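Sequences listed follow chains S, Z, B and G, in order.
Note that the working numbering numbers the first sequence so that position 299 is 299, with each residue one more than the last.
Note that the working numbering numbers the second sequence so that position 31 is 31, with each residue one more than the last.
Note that the working numbering numbers the third sequence so that position 130 is 130, with each residue one more than the last.
Note that the working numbering numbers the fourth sequence so that position 77 is 77, with each residue one more than the last.
Beta carbons are placed, not taken as given, at the ideal position from N, Cα and C, and that holds for glycine.
The structure presented is a predicted model; accordingly, all values stated were derived computationally and were not measured.
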Amino acid sequence: MTTTEAPSALSFECETGNYHTFCPISCVAWLYQKIEDSFFLVIGTKTCGYFLQNAMGVMIFAEPRYAMAELEEGDISAQLNDYAELKRLCTQIKRDRNPSVIVWIGTCTTEIIKMDLEGLAPKLEAEIGIPIVVARANGLDYAFTQGEDTVLAAMAARCPEAATSEADQQERTNAIQRLLQFGKSPAAEQQPASSKHPPLILFGSVPDPVATQLTIELAKQGITVSGWLPAKRYTELPVIAEGSYAIGLNPFLSRTATTLMRRRKCKVIGAPFPIGPDGSRAWIEKICSVLEIEPQGLAEREAQVWDSIEDYRQLVEGKQVFFMGDNLWEISLARFLVRCGMRCPEIGIPYLDRRYLGAELAMLEATCQSMGVPLPRLVEKPDNYNQLQRIEALQPDLVITGMAHANPLEARGISTKWSVEFTFAQIHGFGNARAILELVTRPLRRNLALGTLGGSQWVSEAVTSR
Amino acid sequence: MTTTEAPSALSFECETGNYHTFCPISCVAWLYQKIEDSFFLVIGTKTCGYFLQNAMGVMIFAEPRYAMAELEEGDISAQLNDYAELKRLCTQIKRDRNPSVIVWIGTCTTEIIKMDLEGLAPKLEAEIGIPIVVARANGLDYAFTQGEDTVLAAMAARCPEAATSEADQQERTNAIQRLLQFGKSPAAEQQPASSKHPPLILFGSVPDPVATQLTIELAKQGITVSGWLPAKRYTELPVIAEGSYAIGLNPFLSRTATTLMRRRKCKVIGAPFPIGPDGSRAWIEKICSVLEIEPQGLAEREAQVWDSIEDYRQLVEGKQVFFMGDNLWEISLARFLVRCGMRCPEIGIPYLDRRYLGAELAMLEATCQSMGVPLPRLVEKPDNYNQLQRIEALQPDLVITGMAHANPLEARGISTKWSVEFTFAQIHGFGNARAILELVTRPLRRNLALGTLGGSQWVSEAVTSR
Amino acid sequence: MKLAYWMYAGPAHIGTLRISSSFRNVHAIMHAPLGDDYFNVMRSMLERERNFTPVTTSVVDRNVLARGSQEKVIDNILRKDTEERPDLIVLTPTCTSSILQEDLQNFVERAKESAQCDVLLADVNHYRVNELQAADRTLEQIVRFYLDRAQRQGTLPSQRTEQPSVNILGMTTLGFHNRHDTTELQRLMADLGITVNAVIPAGASVEELQHLPRAWFNLVPYREVGLLTAQYLQDTFDQPMVAIAPMGITATADCIRQIQQVLNQQGAAVDFEPFIDRQTRFASEAAWFSHSIDCQNLTGKRAVVFGDNTHAAAFTKILSREMGIHVVLAGTYCKHDADWFEAEVAGYCDRVLISDDHNAIADAIAELEPAAIFGTQMERHVGKRLNIPCGVIAAPVHIQNFPVGYRPFVGYEGANQIVDLVYNSFTLGMEDHLLEIFGGHDTKEVLTKTVSAGSDLDWKPDGLTELNRIPGFVRGKVKRNTEKYAREQGLTAITAEVLYAAKEALGA
Amino acid sequence: MKLAYWMYAGPAHIGTLRISSSFRNVHAIMHAPLGDDYFNVMRSMLERERNFTPVTTSVVDRNVLARGSQEKVIDNILRKDTEERPDLIVLTPTCTSSILQEDLQNFVERAKESAQCDVLLADVNHYRVNELQAADRTLEQIVRFYLDRAQRQGTLPSQRTEQPSVNILGMTTLGFHNRHDTTELQRLMADLGITVNAVIPAGASVEELQHLPRAWFNLVPYREVGLLTAQYLQDTFDQPMVAIAPMGITATADCIRQIQQVLNQQGAAVDFEPFIDRQTRFASEAAWFSHSIDCQNLTGKRAVVFGDNTHAAAFTKILSREMGIHVVLAGTYCKHDADWFEAEVAGYCDRVLISDDHNAIADAIAELEPAAIFGTQMERHVGKRLNIPCGVIAAPVHIQNFPVGYRPFVGYEGANQIVDLVYNSFTLGMEDHLLEIFGGHDTKEVLTKTVSAGSDLDWKPDGLTELNRIPGFVRGKVKRNTEKYAREQGLTAITAEVLYAAKEALGA
């Protein structure tokens with residue numbers, strides 16, 4: 001089933017969807033840390049809880065700011081009153097943790113039993129006096145990283161349209177200013193720099209150091225970031241005025257983009273994602289172009305970064321990388337790696353919003369053409385079994401895959417890298433291009449170092465057939 | 001070879017001296033900690049160094065304030081100049097650590113090669129400007145704990161006869177006062193309590209909490225301690241005026257006692273050591289009697305402590321304890337344990353100064369008579385092989401022994417306690433009587449807990465004969 | 001609803017999958033939404049399994065919900081039948097899909113019409129049983145399925161093996177140290193001259209199940225998984241079971257003695273006592289180590305034990321009767337089997353706690369302030385917070401429970417490993433403690449303002465000085481005891497004298 | 001004189017006593033002052049030895065010094081001859097008594113006149129050799145003594161055993177994991193179909209020594225002890241030696257291949273390659289573990305290795321070629337055998353350090369800031385100070401090197417244990433690091449005034465904020481790198497921008 005829809009000549013396929021990935025509720029693991037005054041309540045079953053416990057490993061131990069509202073038989077059979085139950089739990093959370101916001105994460109189970117979270121939240125919010133944001137991060141509708149999308153889309157609706165008071169405005173602006181001081185004199189710091197361009201909102205959860213780095217890069221072009229979604233604190237959610245510009249940082253935020261456009265009347269800038277020196281330059285250039293700013297020194301900056309990663313680039317040059325599909329970062333990474341000299345026969349991807357990812361898809365195609373390599377096959381909702389057959393036939397140098405397949409592939413002599421690491425690592429912007437290649441080359445460097453120790457086949461003949 | 005010398009009817013024997021104990025240089029391990037501004041330099045061979053490293057276990061790691069001056073072939077064959085070598089090392093110590101005093105610990109080897117430490121020290125002391133105290137803690141002349149005796153005897157000679165200045169006096173007194181404040185008002189604290197009795201010096205290294213506890217007990221009788229040997233800092237060595245009273249805290253300090261009497265013209269009080277409620281009471285009573293103070297409430301205090309250790313006492317009652325001989329604490333411990341209801345067939349002891357230990361020996365004899373148990377056989381310089389034969393015949397309930405014999409005895413069904421633990425534990429005074437019984441009963445409690453697990457014989461028939 | 005941060009046992013489908021994936025050539029179809037298949041990750045990552053996990057998710061998404069899942073499930077069963085050629089396919093829903101109220105048994109019947117392999121629906125209630133109970137149940141279900149069929153087909157063996165033999169039941173993938181325990185049990189049986197007839201389910205094929213009745217007895221090392229199967233085999237084939245976990249010197253001897261009894265009742269004439277004596281006193285070093293002088297200082301140390309029934313009960317007894325350690329609290333999260341636990345640890349601990357609420361355990365530990373904990377990963381983290389060492393003795397499994405080096409918990413080598421674990425738990429911290437007891441090596445100004453924080457009593461400078469001389473790992477306790485004493489005595493100021501009087505009065 | 005806080009190898013007499021006490025029924029008389037007999041404590045405490053250590057001190061005190069020690073020494077020899085009935089008594093002085101310049105050989109000759117047993121004076125120079133060299137020498141001396149006598153008496157065996165056989169040389173009491181290594185080597189030889197003719201000295205009687213020439217070859221697992229003996233046997237009896245420590249997967253294969261060569265040269269026709277392949281890929285999990293995804297993050301991590309020759313060289317090679325770890329420094333304290341070490345580790349590390357001065361190693365570690373250390377107890381403590389994890393891989397021995405559970409370092413199970421040790425060394429800290437990377441779980445105000453202490457540069461608040469976001473375990477390094485960069489660029493103030501520019505410029 002190949003579609004040839006615009007704007008590219010890339011081939012798109014859709015398989016059975018029998019692929020391994022993490023549940024979208026995973027997003028609580030990074031969002032509760034990013035939003036320091038939040039509490040995430042995942043309303044689901046023992047299955048959801050056990051997943052969080054195991055997938056998030058050690059993180060759960062030290063009293064995290066997230067928990068399960070574990071549905072028991074009485075909840076499922078509707079013998080218990082949902083409102084009363086949620087009130088009991090949220091009251092306890094308020095008492096023990098007193099967060100600024102409680103985020104309810106709906107799961108497959110709340111969908112199936114049709115629990116009316118959106119209906120219950122406003123009532124309970126009013127009753128206990130803590131904002132409650134509802135996100136349906138369920139596996140029926142969404143894949144792994146899209147959980148963040150559901151939360152940010154819900155939060156976008158909560159951002160103020162204008163600062164409600166002078167003091168409030170000051171607080172929000174200071175929150176941004178605090179991020180960045182550039183050693184200016186205290187007097188200068190007191191003055192929020194009034195920018196010459198319309199407000200620009202960046203959306204997507206990134207680690208704080210990445211936020212700082214991107215802010216610095218944009219500041220070099222005279223661009224001020226008016227707000228981040230999410231902010232470090234729920235109480236510092238940015239003002240989103242009608243007509244503001246917004247640009248996404250992560251490729252899995254199409255719903256948030258739509259919400260910003262439709263409900264908040266923002267102009268969402270479509271650009272490749274700031275992955276690799278090429279993508280970072282394209283991202284900044286696109287922002288400049290929209291804000292009508294003449295970009296300064298970007299070509300030099302890009303060249304300098306390419307120069308600094310040349311050692312790693314040489315390691316990947318001419319090698320073949322296969323994406324099984326996991327976190328929606330596949331296209332941006334493939335585009336950067338092709339630019340590094342790799343070939344990419346297949347990009348599996350859970351889901352593809354061709355509008356939100358349009359600029360990235362175009363850049364991928366252009367990059368392949370410019371590097372003179374074949375266009376990858378794009379496989380939405382892949383079938384892992386079929387992919388493994390293709391991998392066996394192709395024998396790629398590297399497979400970027402979910403955790404379930406890494407060891408079996410390694411045992412068959414195929415180098416792998418966990419896709420999930422790109423979800424957690426700092427990969428955005430010029431400064432982190434090296435970090436991406438560090439990750440990508442690690443299995444290659446490792447297998448070089450180990451040489452022929454024990455050969456490359458770790459399964460006995462009887463089972464290699466699989 | 002039995003002597004019947006006064007003042008007791010105890011039997012004294014002397015064996016071959018083929019017994020296991022630690023080297024007297026061990027004392028550096030606790031003295032360097034006690035005297036906070038000191039540095040101990042052990043002048044000896046690799047054998048000495050390896051002993052310290054192994055016997056003192058972990059303590060050596062974190063840059064202790066002691067080190068080896070390891071004698072190499074050139075030192076032994078006198079190709080190198082002792083003065084120049086020691087100067088080089090002490091200069092380095094001064095530079096790296098800047099201690100208030102360097103204590104040279106002479107060893108067997110410095111004795112054998114007749115290194116003139118006493119001759120070299122004053123010259124080097126003058127040249128590098130740090131006091132150097134020389135102690136011959138060698139295994140040719142001394143046993144384990146007597147190392148402390150050699151150091152304290154040497155330090156006794158360094159104590160000032162009178163405070164050299166008002167300020168100095170103030171400092172020394174404050175050092176004592178700092179130990180004890182009893183929640184008095186700051187004004188009161190400024191006034192050194194002028195005692196109504198002649199100065200009293202306590203000698204013997206005890207852990208700081210023990211010093212505090214003993215000071216409190218004596219203060220209850222209106223007795224002020226004028227000084228401690230050793231003090232917490234070398235710069236705070238006590239003033240020892242002629243005619244002062246002095247009393248020892250440890251049974252291995254006969255040389256220090258002699259030095260205080262002969263060289264410093266002190267009156268050394270002979271008393272049992274403050275071990276157990278009985279010994280603690282006797283010790284305080286003796287001090288009171290010498291200082292002509294009517295003791296207050298000692299009988300009640302003793303009774304109260306007996307009461308509080310009754311649970312442990314019942315565990316040892318009627319049981320037999322055998323001392324192989326190690327640290328010279330044997331007699332005081334035996335006396336207390338007999339008072340607790342134990343029988344003690346043999347007390348091995350490395351060395352016996354019948355004058356310094358006179359009061360303790362008399363109390364041991366009296367205690368045995370009052371408890372109606374046979375007097376122990378006192379064996380100086382024991383022969384471990386012979387003792388093991390006697391132990392096999394006697395099958396005592398507990399053997400207090402050096403570390404080398406503990407496991408083999410346990411493997412033969414004999415409970416043991418390391419004698420060395422009594423060297424390091426806090427055992428002095430009323431407050432620590434329980435700690436002694438805690439140690440003594442531990443193997444008994446353990447073997448009760450383990451019941452019949454595996455039986456009591458852990459050596460195969462072929463080797464049990466030994 | 002239950003507010004939960006952590007769970008000790010996983011959901012039921014994990015138990016079912018642990019059983020099906022343990023067998024050779026058995027595939028599972030999990031009927032569940034995207035992302036519920038993290039069992040595959042756990043198996044692949046924790047066990048470093050070289051083969052792909054034989055579990056395929058038949059994904060339930062919005063479309064499937066709308067159209068019904070029957071077609072998709074049956075398609076997936078038949079597809080795997082063709083692709084993997086398994087002997088058996090086990091179908092299981094998860095908590096989520098089980099509430100769809102579909103007739104999965106009917107899906108199975110439909111699939112069986114076309115499939116080459118056997119197809120079974122795992123028969124567990126996903127809201128009433130946990131991972132362990134589901135594993136126990138699924139194993140019994142599969143065993144019963146094949147034995148019933150063999151009986152119908154007349155292929156059941158008619159008699160026991162000639163020489164004494166055993167089935168070892170309940171060894172599974174992702175089990176706590178199960179792999180090394182299996183090896184150790186096989187070695188132990190070899191030492192006793194007992195043939196291992198079968199180990200199930202780990203590594204067994206379903207074909208082998210019909211031979212189970214040939215063994216003289218069934219050994220169930222962990223009561224969490226295998227007991228139902230052993231009970232079924234006992235009821236149906238009069239095959240005796242030995243269900244004593246051979247963990248620790250004493251229990252291993254007890255287990256061997258019960259095996260001896262079971263064998264001799266069937267006409268053997270074995271005497272394992274000399275073997276037990278030799279192992280206990282000489283071959284294994286665990287018992288001697290406990291008696292040796294190293295362990296003397298463990299006497300009367302206070303410990304808390306928490307885990308699954310098998311490991312928590314075994315450790316409570318090992319600590320108490322084999323190492324002289326005082327177990328102040330023993331607990332289990334196996335609420336469904338609490339009576340057994342209480343009976344088992346009676347007399348070996350001060351207090352019993354049956355709960356699967358990790359806060360209850362954490363609170364008990366904080367209150368009891370033991371010298372060491374033996375628990376799960378959760379207790380290890382509680383210990384970290386409280387600065388109490390913790391040895392991990394039970395599931396939930398963690399990467400550290402799949403060491404490359406040999407680390408069994410059962411049998412005589414297991415006993416050796418256990419005494420190391422216990423000893424090191426107490427002493428790993430000891431080195432730091434020693435350094436602290438001896439006051440470090442250079443004088444530090446210890447100005448602990450915090451030490452008196454939150455106290456209503458007036459700590460005088462000399463009292464504080466003495467308090468700071470107490471090693472850090474007991475300082476908190478001494479402080480509390482002293483303040484308690486001061487309040488009882490009606491004192492408001494705490495001097496050195498008060499501190500020592502309190503110490504004497506409280507006998508510690 | 002040498003200012004010393006710590007020594008890696010003990011004095012010579014410890015080496016002699018380790019050999020004599022390893023033999024069955026051999027007694028040592030140590031001619032030394034009181035307190036020099038702590039060897040007895042080490043053996044009894046560390047090895048939890050159940051028997052009394054067969055070492056008696058003939059105490060040198062002031063009286064003996066005055067009167068001469070001949071009488072006392074001879075008396076003690078004869079007394080022990082009667083009391084213990086040993087086969088052999090070995091007389092040794094210590095550093096101290098060796099300078100008395102007595103004719104100890106003459107004492108021995110005198111004692112022999114009356115003794116039932118053999119009597120030998122250990123022939124070592126106490127100021128020129130250390131524990132390891134003395135052990136090597138004493139073993140050779142005893143072996144030579146008994147073989148010379150057998151030769152004179154014509155009781156030497158005339159030919160090799162019928163089937164391939166081996167003597168394992170150098171396994172001693174108080175050796176680093178020697179007990180478990182011995183077991184593992186015995187298992188390995190059994191797997192290869194090679195009979196163990198003798199293991200010496202551990203557990204051997206001197207009577208057995210005359211049978212040594214029957215073996216097809218001598219295996220010397222540790223080059224510190226046994227090499228002299230193997231050399232003597234090679235020279236005298238044309239008995240080949242294999243002196244490759246079978247430590248790690250590759251070296252174990254190398255060792256086995258050399259054994260194969262030695263056997264086939266003597267007429268056997270063995271092919272061990274299938275065995276090696278099976279062990280490497282399937283039976284042992286070490287090699288697979290290295291390749292598995294768990295270990296991927298070890299790639300390029302920087303490590304320092306330090307220890308005795310055998311273990312330090314083996315670990316350098318294992319880390320480098322079997323685990324993909326970057327060894328920035330490999331070192332040994334075996335100065336007397338430095339050439340071998342340098343040749344062995346060439347190509348596997350950046351830098352070599354030959355020294356027995358612990359300060360030199362500590363300084364190198366502080367300067368290199370590796371991610372992990374593999375060294376002795378001393379390096380472990382250095383690591384503690386610097387917050388760098390350390391796996392202990394070599395003597396000086398410590399109670400932790402005498403675990404009750406099975407922990408060999410050689411052979412295939414040794415390889416398993418080693419990868420666990422390496423992996424856990426890197427990851428034990430990882431859990432804390434992870435917590436820190438993720439910023440803990442609640443916001444902490446990290447006000448680290450100390451972080452800028454001692455810096456001549458002006459860290460601006462935003463620079464400090466960013467610095468504090470860097471996980472603690474690399475923060476120091478990032479700070480130094482940033483300051484270095486700032487100085488090179490002539491900047492005096494460090495802002496967030498400078499910090500990130502430095503990070504990019506330095507590629508880390």
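Listing by chain order, which chain G residues have their CB less than 8 Å from the CB of isoleucine 216/S? Ala496, Glu497, Tyr500
Under 7 Å, Cβ to Cβ, is there at least one residue of chain S near arginine 469/G? Cβ-Cβ to chain S under 7 Å: yes for arginine 469/G.
Taking 7 Å as the CB-CB limit, is serine 292/G close to chain S? yes
Can you tell which of Ala371/B, Ile142/B, Gln377/B has its C-alpha closest to the C-alpha of valine 327/B? With distances taken between Cα atoms, valine 327/B lies closest to Ala371/B.
Quick check: the segment 19-29 of chain Z against the segment 89-99 of chain Z, are at least 3 beta-carbon pairs closer than 8 Å? no
Report the neighbours of tryptophan 458/Z on chain G: residues whose CB is nearer than 9 Å to its CB, in chain order. Within chain G, the residues near tryptophan 458/Z are Arg50.
Please identify, using Cβ separations under 9 Å, the residues of the segment 288-322 of chain B that lie next to chain Z, in order along the chain. So the list reads Trp288, Ser290, His291, Ser292, Ile293, Asp294, Cys295, Gln296, Asn297, Leu298, Thr299, Gly300, Ser320, Arg321, Glu322, given in the order they occur along the chain.
Could you tell me which residues DSSP puts in a beta bridge with glutamate 13/Z? Residue pairing by DSSP puts glutamate 13/Z in a beta bridge opposite Val379/Z.
Step through the CB atoms of chain C and report whether any lies within less than 7 Å of the CB of glycine 324/B. This model lacks chain C altogether, as its protein chains are S, Z, B and G.
Where methionine 467/S sits in the DSSP three-state scheme: What the structure shows of chain S is the stretch from 1 to 466, and residue 467/S is not part of that stretch, so it cannot be assessed.
Can you confirm whether the segment 42-59 of chain B touches the segment 119-126 of chain B when touching is taken to mean that 3 or more C-beta pairs between the two stretches lie within less than 8 Å? Contact between the segment 119-126 of chain B and the segment 42-59 of chain B is not established, with fewer than three Cβ pairs separated by less than 8 Å.
For the structure I just gave you, are there three or more beta carbon pairs, one from the segment 397-412 of chain Z and one from the segment 270-284 of chain Z, closer than 8 Å? no
Would you identify the three-state DSSP class for proline 201/G, choosing helix, strand or coil? strand
For alanine 211/S and chain G, any beta-carbon pair shorter than 7 Å? no
Measuring CB atoms only, is the segment 214-232 of chain G touching the segment 136-144 of chain G, in the sense that at least three cross pairs come out at less than 8 Å? yes
Would you mind stating whether phenylalanine 252/Z and glutamine 146/Z have Cβ atoms separated by less than 7 Å? yes
In terms of alpha-carbon separation, which member of Gly348/S, Phe144/S, Tyr312/S, Trp329/S lies closest to glycine 341/S? Tyr312/S
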